[in-house]
Amino acid sequence: MRLEKEQIEQHNKQLAAKHQRAFDYIAADVPQVEEILKKLQAFQIAIPSWALGTGGTRFGRFSGKGEPGNLEQKIEDVGLLHALNRSSGAISLHIPWDIPKDAEKIKALAASYDLQFDAVNSNTFQDQAEQEHSYKFGSLHHVDPKVRQQAVQHNIDVINHGIALGSKALTVWLADGSSFPGQLNFREAFQNTLESLKEIYKHLPEDWKLFVEYKAFEPFFYSMTIGDWGQSLLLASKLGDKAYTLVDLGHHLPNANIEQIVSLLLMEGKLGGFHFNDSKYADDDLTAGAIKPYQLFLIFNELVEGMDARGMDHATGLGWMIDASHNLKDPLVDLLQSVEAIMIAYAQALLVDRKALKEAQSQNNIVAAQQILQDAFRTDVRAIVAEARLRDGAALDPIALFNSLAIREALIAERGNNTVATGL
Ligand code: AOS
Ligand code: ZN
Ligand code: ZN
Ligand code: ZN
48 MRLEKEQIEQ HNKQLAAKHQ RAFDYIAADV PQVEEILKKL QAFQIAIPSW
98 ALGTGGTRFG RFSGKGEPGN LEQKIEDVGL LHALNRSSGA ISLHIPWDIP
148 KDAEKIKALA ASYDLQFDAV NSNTFQDQAE QEHSYKFGSL HHVDPKVRQQ
198 AVQHNIDVIN HGIALGSKAL TVWLADGSSF PGQLNFREAF QNTLESLKEI
248 YKHLPEDWKL FVEYKAFEPF FYSMTIGDWG QSLLLASKLG DKAYTLVDLG
298 HHLPNANIEQ IVSLLLMEGK LGGFHFNDSK YADDDLTAGA IKPYQLFLIF
348 NELVEGMDAR GMDHATGLGW MIDASHNLKD PLVDLLQSVE AIMIAYAQAL
398 LVDRKALKEA QSQNNIVAAQ QILQDAFRTD VRAIVAEARL RDGAALDPIA
448 LFNSLAIREA LIAERGNNTV ATGL
């Protein structure tokens, strides 16, 4: 299924007058609105292939319908999202869940929807049918060199799949850790991981990045071998210039100050990118901005400040990806909500009066500093985000159009009650 230009235009026509009123109202108070619009239009957020179907809980999975059953259909889904919002112009694949059998064909299909391939993800957290050694006790950190070698080889295979598709990064997330004190020698586990990553790093093309994702807990509950940003940064620093830390918002201990972590990683030139999502308790993988929108804004506030200080291009400087899991909502609708929330946080961060903030900080004027941030956060920028979509040929209200065109129903008619099981 593909959306026609006319379908979007007709929808926009219906909402045009209301949108114009809202946009004029906010634009009158934002002198740099044209600059903000350009930045929003350039900003693209990659959709994870594993979030297009219904995920599960530990207790069960309630399947959706009309879900993509193969890589082609996943690309079709992201194509639909991108047509609706023009901000989801990339897909992040997980191997072996998404092995491209004919890379050229897959590349051409993605290009027909104007999609790029963001980071490819390796999977050494599950055993595959034809696999010789088990990952039950870890992969890159394993005590047995044969297991480590198998996991290294898998990552090299993933890089090769990525090269064929035009990806420029590999994300490594490891389910390596321990659940009981004494189970692991921490130092040896870390060193094994480093040695394995070095081997993988050797196979990275010159213009590629290696993203080292960390996670404080789960699936193991006593230690994770790459458990926090310190461990990830240590690995990335030892590996070299192409290695970076990847921040998944759900991977911290409760109440961690993620915006401070982001700021310092960026300062060190070691922030690679994001897995956006939101959470109340742990790695909940909920819709971005659903629980802690102020935190999302504060993260973007640090990003804008830090990237500008380093002269980085906002759109291309980092890997912007979503990592989510859907049990209750239609995955496509949820992803539209996540992208919108990320765009809103970004737009609000662009509103922050940096000069005034600097001034307030230098005077220790806490009240003013807080006010400056909260003024930006409390500004309703939805019409600015919608205007950016309008100018890009996307829908003023993507979810309303998704519903009125009965896109899910059309997908069910096309694909049947097909469902796929997806990520963690
Ligand atoms: C797992 O918790 C991580 O967030 C990874 O990014 C993982 O590869 C992804 O969630 C797919 O399962
Ligand atoms: Zn993640
Ligand atoms: Zn996660
Ligand atoms: Zn997760």
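Residue numbers (the working numbering): 48 to 471. Built from N, CA and C at the ideal position, the CB exists for glycine as well.
Beta carbon of residue i nearer than 8 Å to that of residue j
| i | j | result |
| --- | --- | --- |
| residue 353 | residue 313 | yes |
| residue 292 | residue 221 | no |
| residue 201 | residue 146 | no |
| residue 247 | residue 199 | yes |
| residue 321 | residue 280 | no |
| residue 240 | residue 282 | yes |
| residue 329 | residue 235 | no |
| residue 259 | residue 290 | yes |
| residue 407 | residue 348 | no |
| residue 346 | residue 387 | no |
| residue 334 | residue 370 | no |
| residue 83 | residue 368 | no |
| residue 138 | residue 94 | yes |
| residue 169 | residue 223 | no |
| residue 277 | residue 262 | no |
| residue 317 | residue 284 | yes |
| residue 226 | residue 267 | yes |
| residue 323 | residue 385 | yes |
| residue 66 | residue 433 | yes |
| residue 455 | residue 331 | no |
| residue 319 | residue 256 | yes |
Which of helix, strand or coil DSSP assigns to residue i
| i | result |
| --- | --- |
| residue 260 | strand |
| residue 316 | coil |
| residue 390 | helix |
| residue 216 | strand |
| residue 178 | coil |
| residue 209 | helix |
| residue 163 | strand |
| residue 353 | helix |
| residue 276 | helix |
| residue 232 | coil |
| residue 95 | strand |
| residue 362 | coil |
| residue 325 | strand |
| residue 369 | strand |
Cutoff 6 Å; reference residue i; Cβ partners in own chain excluding five residues on either side
| i | result |
| --- | --- |
| residue 140 | 96 and 167 |
| residue 121 | 96, 99 and 115 |
| residue 392 | 343, 344 and 347 |
| residue 214 | 164 and 167 |
| residue 197 | 180 |
| residue 126 | 160 |
| residue 150 | 211 and 212 |
| residue 462 | 113 |
| residue 52 | none |
Inter-residue spacing [alpha-carbon to alpha-carbon] between residue i and residue j
| i | j | result |
| --- | --- | --- |
| residue 309 | residue 389 | 16 Å |
| residue 336 | residue 193 | 42 Å |
| residue 383 | residue 300 | 27 Å |
| residue 10 | residue 363 | Residue coverage of the chain in this structure runs from 48 to 471, which leaves residue 10 outside it and unanswerable. |
| residue 188 | residue 219 | 13 Å |
| residue 117 | residue 171 | 21 Å |
| residue 342 | residue 426 | 15 Å |
| residue 419 | residue 124 | 39 Å |
| residue 237 | residue 195 | 12 Å |
| residue 242 | residue 203 | 14 Å |
| residue 18 | residue 68 | Past the edges of the chain, shown from 48 to 471, lies residue 18, and the structure says nothing about it. |
| residue 298 | residue 60 | 42 Å |
| residue 64 | residue 56 | 13 Å |
| residue 429 | residue 451 | 21 Å |
| residue 245 | residue 104 | 35 Å |
| residue 360 | residue 401 | 18 Å |
| residue 231 | residue 174 | 21 Å |
| residue 355 | residue 191 | 45 Å |
| residue 421 | residue 176 | 52 Å |
| residue 340 | residue 58 | 28 Å |
| residue 449 | residue 144 | 27 Å |
Same chain only: Cβ atoms within 7 Å of residue i, ignoring 5 sequence neighbours per side
| i | result |
| --- | --- |
| residue 458 | 48 and 113 |
| residue 250 | 203 and 206 |
| residue 373 | 98, 101, 102 and 381 |
| residue 19 | In the structure as shown, the chain starts at 48 and stops at 471, and residue 19 therefore has no counterpart that could be examined. |
Cut-off 8 Å between Cβ atoms - residues of its own chain near residue i, not counting five sequence neighbours on either side
| i | result |
| --- | --- |
| residue 436 | 132, 133, 134, 442, 443 and 445 |
| residue 431 | 70, 73, 74, 77, 80, 83, 84, 87 and 394 |
| residue 178 | 197 |
Residue i beta carbon near ligand 6 (any heavy atom closer than 7 Å)
| i | result |
| --- | --- |
| residue 262 | As for ligand 6, it is missing from this structure, which binds only ligand 1, ligand 2, ligand 3 and ligand 4. |
Counting Cβ pairs, one atom from each stretch, are 3 or more of them under 8 Å apart for the region 101-110 and the region 68-82?
Taking a cut-off of 8 Å on C-beta distances, the region 101-110 does not touch the region 68-82, as fewer than three cross pairs fall below it.
Counting Cβ pairs closer than 8 Å, one from the region 409-425 and one from the region 146-166, do we hit at least three?
Short answer: they don't touch.
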